[in-house]
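Peer 1:
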Amino acid sequence: MTKYTEDDLREELKTKEYEYGFYTDIESDTFPIGLNEDVVRAISLKKEEPQWMTDWRLEAFRAWEKMIEPEWANVKYVKPDFQSISYYSAPNTKPKYDSLDEVDPELLETFKKLGISLDEQKALAGVAMDVVIDSVSVATTFKKTLNEKGIIFCSMSEAIKEYPELVRKYIGTVVPQKDNFYAALNSAVFSDGSFCYIPKGVRCPMELSTYFRINQANTGQFERTLVVADEGSYVSYLEGCTAPSRDENQLHAAVVELIAMDDAEIKYSTVQNWYPGNSEGKGGVFNFVTKRGLCEKNAKISWTQVETGSAITWKYPSCILKGDNSVGEFYSIAVTNNFQQADTGTKMIHLGKNTKSTIISKGISAGKSQNSYRGLVQISARAENARNFSQCDSLLMGNDCGAHTFPYIEVKNKSSIIEHEATTSKIGEDQIFYCNQRGIDTEKAIALIVNGFSKEVLNKLPMEFAVEAQKLLEISLEGSVG
Amino acid sequence: MLKINNLHASVEDKAILRGINLEVKAGEVHAIMGPNGSGKSTLASVIAGKDEYEVTEGEILLENENIDELAPEERAHKGIFLSFQYPVEIPGVSVTNFMKTAINATRKANGLPDMPANEMLKMIREKSEMLEIDRKFLSRSLNEGFSGGEKKRNEIFQMAMLEPKLAILDETDSGLDIDALRIVAKGVNKLRSKDNAVIVITHYQRLLDHIVPDFVHVLFEGRIVKSGGKELAHELEEKGYDWIKEEVNA
Chain A
468 MTKYTEDDLR EELKTKEYEY GFYTDIESDT FPIGLNEDVV RAISLKKEEP
518 QWMTDWRLEA FRAWEKMIEP EWANVKYVKP DFQSISYYSA PNTKPKYDSL
568 DEVDPELLET FKKLGISLDE QKALAGVAMD VVIDSVSVAT TFKKTLNEKG
618 IIFCSMSEAI KEYPELVRKY IGTVVPQKDN FYAALNSAVF SDGSFCYIPK
668 GVRCPMELST YFRINQANTG QFERTLVVAD EGSYVSYLEG CTAPSRDENQ
718 LHAAVVELIA MDDAEIKYST VQNWYPGNSE GKGGVFNFVT KRGLCEKNAK
768 ISWTQVETGS AITWKYPSCI LKGDNSVGEF YSIAVTNNFQ QADTGTKMIH
818 LGKNTKSTII SKGISAGKSQ NSYRGLVQIS ARAENARNFS QCDSLLMGND
868 CGAHTFPYIE VKNKSSIIEH EATTSKIGED QIFYCNQRGI DTEKAIALIV
918 NGFSKEVLNK LPMEFAVEAQ KLLEISLEGS VG
Chain B
670 MLKINNLHAS VEDKAILRGI NLEVKAGEVH AIMGPNGSGK STLASVIAGK
720 DEYEVTEGEI LLENENIDEL APEERAHKGI FLSFQYPVEI PGVSVTNFMK
770 TAINATRKAN GLPDMPANEM LKMIREKSEM LEIDRKFLSR SLNEGFSGGE
820 KKRNEIFQMA MLEPKLAILD ETDSGLDIDA LRIVAKGVNK LRSKDNAVIV
870 ITHYQRLLDH IVPDFVHVLF EGRIVKSGGK ELAHELEEKG YDWIKEEVNA
């Protein structure tokens, strides 16, 4: 009889290489390594920014210099040497193409390998793409349709030039420069990112999508995203990423700010598939991200994330429910395998009356990985009738991984109702055998069980993203069982 | 169809099956009875290829092919189906999705393309009607929150969908009330043909009133100690197993 033991599976898992581990050679304009005020000024100058932006960056840099890298997260790693990183890298031509024919063929090849060719994307149900490759936007599509509705969707650099008043008014209002160590660093050196503005009462007719990709060895990527949904507007924003294999750890410290004004709604979905490191725990992306949204009256912000990549993840997409009747949602699937470590969750800050929040977190751990949920539900004194529902489920594969839950609840108003549910389960041999007996092999069986476990979150993703996410879950967990 | 020669199997070095000989021909129904702990469920699991059991001696032939080295899913692809005594729950996976995955995995292994959706739907409709299953049931998570009867009916539904050559029903009657038992038996009888075979594992005669066996075997301490026609089941029902034990020990 064939014996397929856990050890066999673990062996198979170890040999599983990162699918998108390739490297594209596009001539780059890269700064020498190191960080000081001059580098910050040089970045600003390079990007032809106005004085106020330079000053804003410098202010952040000076604050950052005095800050200490946080250590409270349940992750262990060698801290990056911030002086050995280059803080600016851009494809050396700054093209603004009218059509795809003009785009560097090697870049198009990269997209093809990722399975996200612009052609294909264009054809997909109205997805406009603002592709960020190594910090600078090189292609923007569907702009015209968006323009007609008065929707602004462009790179952050472009926004700073074209819409300085809007950027100046909102940048740093949700995540202040000095918010935390990584946010301060990002504020000082952010390379590019996306800016999106939806005017009053406009419903964005398509999903806005940005693909991020880290592509240059030793280049930290510091994305800055700002989405402003004016009164009564609606937008669904998709963010997805993959990165090539690297031996050195790559630092990624992004900031995402969302502002939903009265009666507005923002849906922000992320699929994160950065290089997780190899099976010995070497290499991989450090992902230290600050994501936060502000809800005014009757507004709603939904974060949905599928996190399968990165060696270290430190990420807490949060909602400040400032306006009365505002709603915050967080749906998350976090998968860790091999030596990956994730400390992720959300903060729901209830300030307004009748505010509601929902947290659904699904953690899947395999290999020797550690997967932590960390969440805060805070009800302020004036948040009458606030409600929260949290559900944190963990699924374990094998005996060497860990799942941890750190829920923090702070309540200062007695009228609130808070519910918290948590479960931990293990994929059982019996479940696998049951599937096997029906003709389903072990890999497929795991995919099936994991998809079932994650279904509540997968269902929240836009259709084409859900398919991609499902594939990612399968790739990330192929061969693991407990 | 199935030929078992001198099969010995153990779990964690404890011998459970100690020399089983059994031949099941196409078109036949065999009942395997016996007291608790005699090895009935082990036999079912070993035929299906469950990992934790080690075959220490003997062989299992399916249509003259030794299946000893085959993984459980490969045995399934060759037409072996096991109706579980305790079907497991798979949260978030609907019965329909599970069936679709199972059917297409088997088709793929046999070099066939995926079953077209309309064909699948038609089949689901037919088989669920045959087993008097409410179609709402099929969109529920597999076995999650199912009653004992629902679980067993779901097993037979899967059997109907997968159309196996050899079906092993492991205590399908346990946890069924008399109406559910009748429906399940009716389903099994409808699925019987000259080309397939059924092994019914049970403690009690009552299921065998509905699924009438051609042969009845008594399993005791890992061996088949007595075989006979359907009347043997009645005799066991009347007299219990003690006289068998005495016969064996005599």
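Chains A and B, in that order, give the protein sequences.
Each residue of the first sequence is one higher than the one before, counting from 468 in our numbering.
Each residue of the second sequence is one higher than the one before, counting from 670 in our numbering.
Cβ atoms here follow ideal geometry from the backbone N, Cα and C, with glycine treated the same way.
Treat the numbers as computed from the prediction; the structure is a model and nothing was measured.
1. On the three-state DSSP scale, how would you describe residue 810 of chain A?
2. I'd like to confirm something about residue 731 of chain A: is its beta-carbon nearer than 7 Å to some heavy atom of the ligand HEM, or not?
3. Looking at C-alpha atoms only, which residue of A:657, A:653 and A:619 is the closest neighbour of residue 667 of chain A?
4. Tell me, to the nearest whole angstrom, how far the beta carbon of residue 715 of chain B is from that of residue 898 of chain A; I am working on the premise that it is less than 8 Å.
5. Please report the Cβ distance between residue 887 of chain A and residue 839 of chain A, rounded to the nearest whole angstrom; I am assuming they are in contact, meaning their Cβ atoms lie under 8 Å.
6. When the distance is taken between beta carbons, is residue 684 of chain B closer than 8 Å to residue 722 of chain B?
7. Using Cβ-Cβ distances below 9 Å, what residues of the region 746–760 of chain B are close to chain A?
8. Determine whether the Cβ of residue 674 of chain B lies closer than 8 Å to any Cβ atom of chain A.
9. Can you give the beta carbon distance from residue 547 of chain A to residue 652 of chain A, rounded, assuming they're within the 8 Å contact cut?
10. Any Cβ of chain A within less than 8 Å of the Cβ of residue 680 of chain B?
11. Go ahead and label residue 912 of chain B buried or exposed: buried means 16 or more other beta carbons lie within 10 angstroms of its beta carbon, across all protein chains shown.
12. Cα separation between residue 768 of chain A and residue 675 of chain A?
13. Hey, could you find the ends of the alpha helix (DSSP H) residue 879 of chain B is sitting in?
14. With a threshold of 8 Å between beta carbons, is residue 908 of chain A in contact with chain B?
15. Please compile the residues from chain B whose C-beta is within a distance smaller than 7 Å of the C-beta of residue 790 of chain A.
16. Counting only runs that start and end within the region 848–935 of chain A, where is the alpha helix (DSSP H) found for 4 or more residues in a row?
17. Which one of B:777, B:879 and B:870 has the shortest CA to CA distance from residue 851 of chain B?
18. Run through the DSSP bridge pairs and tell me what residue 839 of chain B is partnered with.
19. What span of residues does the beta strand (DSSP E) with residue 664 of chain A cover, start to end?
20. Provide the residue(s) that pair with residue 786 of chain A in DSSP beta bridges, ordered along the chain.
21. Please report the residue range of the alpha helix (DSSP H) in which residue 847 of chain B lies.
22. Among the residues of its own chain, which have a CB less than 8 Å from the CB of residue 764 of chain A, if the five just before and after it don't count?
23. What is the DSSP secondary structure of residue 670 of chain B, counted as helix, strand or coil?
24. Excluding the 5 residues flanking residue 859 of chain A on each side, which residues of the same chain have their C-beta closer than 6 Å to its C-beta?
25. Evaluate contact between the region 691–707 of chain A and the region 658–666 of chain A, counting only Cβ atoms and requiring at least three cross-stretch pairs below 8 Å.
26. Roughly how far, in whole angstroms, is the beta-carbon of residue 899 of chain B from the beta-carbon of residue 877 of chain B, given that I think they are within contact range, below 8 Å?
27. Does the region 793–811 of chain B come into contact with the region 707–714 of chain B, if we say contact requires no fewer than three beta-carbon pairs (one atom in each stretch) closer than 8 Å?
28. Quick check on DSSP: helix, strand or coil for residue 517 of chain A?
29. Would you call the region 815–833 of chain B in contact with the region 763–778 of chain B, where contact means no fewer than 3 C-beta pairs closer than 8 Å?
30. How would you label residue 897 of chain B, buried or exposed, when you count the other beta carbons within 10 angstroms and need 16 or more for buried?
31. Residue ranges of each alpha helix (DSSP H) run of no fewer than 4 residues wholly in the region 721–788 of chain B, ordered along the chain?
32. Am I right that residue 753 of chain A and residue 554 of chain A are in contact with their C-beta atoms under 8 Å? What's the rounded C-beta distance?
33. Name the residues in the region 777–805 of chain A whose C-beta lies less than 9 Å from a C-beta of chain B; which are they?
34. Can you check whether the C-beta of residue 719 of chain B is within less than 8 Å of a C-beta belonging to chain A?
35. Are there 16 or more other CB atoms within 10 angstroms of the CB of residue 919 of chain B, so buried, or fewer, so exposed?
36. Secondary structure at residue 673 of chain A, three-state DSSP: helix, strand or coil?
Peer 2: For this structure:
1. Strand at residue 810 of chain A.
2. In terms of ligand content, the structure shown is empty, and the ligand HEM therefore cannot be addressed.
3. Considering only alpha carbons, the answer is A:619.
4. Wrong, their Cβ atoms sit about 20 Å apart, outside the cutoff.
5. Not a contact, Cβ separation roughly 16 Å.
6. The answer is no: Cβ separation not under 8 Å.
7. Answer set for the region 746–760 of chain B: 746, 749, 750, 751, 753, 755, 756, 757, 758, 759 and 760.
8. No - not a single Cβ of chain A is within 8 Å of the one on residue 674 of chain B.
9. Beta-carbon to beta-carbon, residue 547 of chain A and residue 652 of chain A are separated by about 10 Å, too far to satisfy the 8 Å threshold.
10. Taking Cβ atoms only, chain A never reaches closer than 8 Å to residue 680 of chain B, which makes this a no.
11. With fewer than 16 other Cβ atoms from the protein chains shown falling within 10 Å of its own Cβ, residue 912 of chain B counts as exposed.
12. Cα-Cα distance, rounded: 15 Å.
13. Element bounds for residue 879 of chain B: 875–879.
14. Taking 8 Å as the threshold, the shortest C-beta distance from residue 908 of chain A to chain B falls below it.
15. Simply none; closest approach about 34 Å.
16. Whole alpha helix (DSSP H) segments, 4+ residues: 896–904 and 909–925.
17. If we check each option's Cα against that of residue 851 of chain B, B:879 comes out closest.
18. DSSP lists B:870 as the bridge partner or partners of residue 839 of chain B.
19. The continuous beta strand (DSSP E) containing residue 664 of chain A extends over residues 661–665.
20. Within the DSSP bridge table, the entry for residue 786 of chain A names A:760 and A:815 as partners.
21. Run containing residue 847 of chain B: 847–860, per the alpha helix (DSSP H) assignment.
22. 729, 730, 790, 791, 792, 793 and 819, listed in sequence order.
23. Residue 670 of chain B sits in coil when the DSSP states are folded into three classes, being neither helix nor strand.
24. 828, 840, 872 and 889.
25. In the pairwise beta carbon analysis, the region 691–707 of chain A is classified as touching the region 658–666 of chain A: at least three pairs are separated by under 8 Å.
26. So it is a contact: roughly 7 Å between Cβ atoms.
27. Short answer: they don't touch.
28. DSSP, reduced to helix, strand and coil, places residue 517 of chain A outside both helices and strands of the structure shown, so it counts as coil.
29. Cβ pair count under 8 Å is three or more, so yes.
30. Answer is exposed; the Cβ neighbour count stays below 16.
31. Taking 4 residues as the minimum length, the alpha helix (DSSP H) runs contained wholly in the region 721–788 of chain B are 741–746 and 764–778, in order along the chain.
32. Wrong, their Cβ atoms sit about 15 Å apart, outside the cutoff.
33. Of all residues in the region 777–805 of chain A, none places a beta-carbon less than 9 Å from a beta-carbon of chain B.
34. At least one beta carbon of chain A lies nearer than 8 Å to the beta carbon of residue 719 of chain B.
35. Per the 10 Å Cβ criterion, exposed.
36. Residue 673 of chain A falls in the coil class under three-state DSSP.
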